[in-house]
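In terms of the numbering used here, the sequence shown is residues 507 to 661. Glycine included, each C-beta is placed from N, C-alpha and C at the ideal position.
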Amino acid sequence: MSQLPHDASLRLTVPSSRVAADTVEGEAVIVDLETGAYYTTEGVGCEVWELLASSRTTGDVVEVLRNRYDARDGEVEVYVQQMVTTLLAEGLMNVLDDDVAPFGEDGVQEQPDVGTRPPFEPSEFVSYHDMRGLLLLDPVHEVDVEGWPHAAAGG
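Below, the structure written as structure tokens:
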């Protein structure tokens with residue numbers, strides 16, 4: 507696995523006017539409201555999303571993950587850089603220009619003993635573009651007296 511260039515001082519932000527995201531039971535679900543595409547990631551990927559969304563630097567994110575997990579040299583850095591590249595390319599996050607401190611202490615935990623840290627297992631970042639039409643529908647205009655949704659007659 508080759509080492510990617512890594513700017514440890516980079517901070518990202520979620521463009522909340524066009525991206526909606528939530529974490530449910532360890533899975534991040536992210537929706538691009540302009541394109542209708544949605545994305546999911548679990549485990550470590552969810553942690554990276556949450557840490558980056560809290561305006562932590564990429565260096566802070568790497569450090570938090572290194573402390574939490576037992577990983578090979580460079581593995582965490584490469585994974586975080588790949589996530590950052592994907593999130594920026596998909597327009598799900600933007601580079602934060604100002605020197606803003608993180609909004610909270612999200613994700614910071616006491617460092618476990620080296621022998622008790624779980625192995626670092628990168629999570630896939632999955633995109634779904636097949637639901638574009640459905641997500642862009644405005645069901646309010648499709649509601650009739652019976653409400654929405656309702657079964658078709660004879661079905």
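Here DSSP, grouped into helix, strand and coil, assigns residue 528 to strand. Burial state of residue 629 is buried, judged by a 10 Å Cβ sphere holding 16 or more other Cβ atoms. In chain order, 554 place their CB closer than 6 Å to the CB of residue 589, counting only its own chain and leaving out the 5 sequence neighbours on each side.
A distance below 6 Å between beta-carbons, with the five flanking residues on each side excluded, links residue 585 to the following residues of its chain, in chain order: 628. For residue 569 and residue 533, the gap between their C-alpha atoms comes out near 21 Å. Burial check for residue 583: the Cβ neighbour count within 10 Å reaches 16 or more, so the residue is buried.
For the 7 Å CB-CB criterion, residue 581 and residue 626 form a contact. Every beta strand (DSSP E) of 3 residues or more that sits fully in the stretch 536 to 582 is shown, in chain order, as 544 to 548. In this model, residue 622 and residue 540 are separated by some 43 Å (Cα to Cα).
The three-state reading of DSSP puts residue 601 in strand, counting E and B together. Within the model, the alpha-carbon separation for residue 536 versus residue 525 is close to 7 Å.
Between the alpha carbons of residue 551 and residue 523 lies a distance of about 23 Å. Annotation: the continuous beta strand (DSSP E) that includes residue 632 extends over 632 to 634.
Per the coordinates, the alpha-carbon of residue 579 lies some 37 Å from the alpha-carbon of residue 542.
Taking 7 Å as the cut-off, the Cβ atoms of residue 514 and residue 592 do not count as close.
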